[in-house]
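Here the structure is laid out as structure tokens; the discussion comes afterwards.
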Amino acid sequence: MHEDSMQPVTFAVKMKIPGCHRLIVMLLLAGSMLMCESCIFGRRESKQVRQADKATDEMAKENQAEFNKALKHHMDSQSEQTKKQMKKMKRLQKKQNKVRKRSLWDRIFRNKCP
């Protein structure tokens, strides 16, 4: 306590900010803290990570090309009758799966729709 008065000495500074300004200050403070903690814009990936991503992308492209080549070979080796049957089945599957493409709400409440 101070000798001259009977009130305790405080060193804290009171900030008198109006209500709407206090809200703005709090939002700015929270936003800046959030950006400092979780900001990913300033970070760069290491060279090893980029090389690994590039290698996996190249491998995926090679696998897709190999799959397409095998599929083309498979289709070319089929007889005409089998090709016709495959086309027919594809059309039938498309017709049957049309119901599954509708929204759940539509399927529940509009049963008359194909």
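Residue numbering for the sequence shown follows this note's numbering, starting at 33 and increasing by one per position.
C-beta: ideal position from N, C-alpha, C; glycine also.
Under the three-state DSSP convention, the category Lys77 falls into: Here residue 77 refers to the residue found at position 45 of the sequence shown. In the sequence on display, residue 77 carries Glu and not Lys. Reduced to three states, the DSSP call for Glu77 is coil.
C-alpha gap between Met65 and Met58, whole angstroms: Counting from one through the sequence shown, the residue named residue 65 turns up at place 33. Counting from one through the sequence shown, the residue named residue 58 turns up at place 26. Those two C-alpha atoms are separated by around 11 Å.
Quick check: what's the CA-CA separation for Ala84 versus Met121? Within the sequence shown, residue 84 is the residue found at index 52, counting from 1. Within the sequence shown, residue 121 is the residue found at index 89, counting from 1. In a straight line, the C-alpha of Ala84 is about 41 Å away from that of Met121.
In three-state DSSP terms, what is Asn143? For the purposes of this step, residue 143 is identified with residue 111 of the sequence shown, where counting begins at 1. It is coil, neither helix nor strand.
Please go through the same chain and pick out, in chain order, the residues whose beta-carbon is closer than 6 Å to the beta-carbon of Gln116, but skip the five residues on each side of it. The count along the sequence shown starts at 1 and reaches residue 116 at position 84. According to the sequence displayed, residue 116 carries Lys and not Gln. Excluding residues within five positions, none has a Cβ falling inside 6 Å.
Is Gln128 helix, strand or coil by DSSP? Walking along the sequence shown from the start, residue 128 turns up at place 96. Here Gln128 sits in helix by DSSP.
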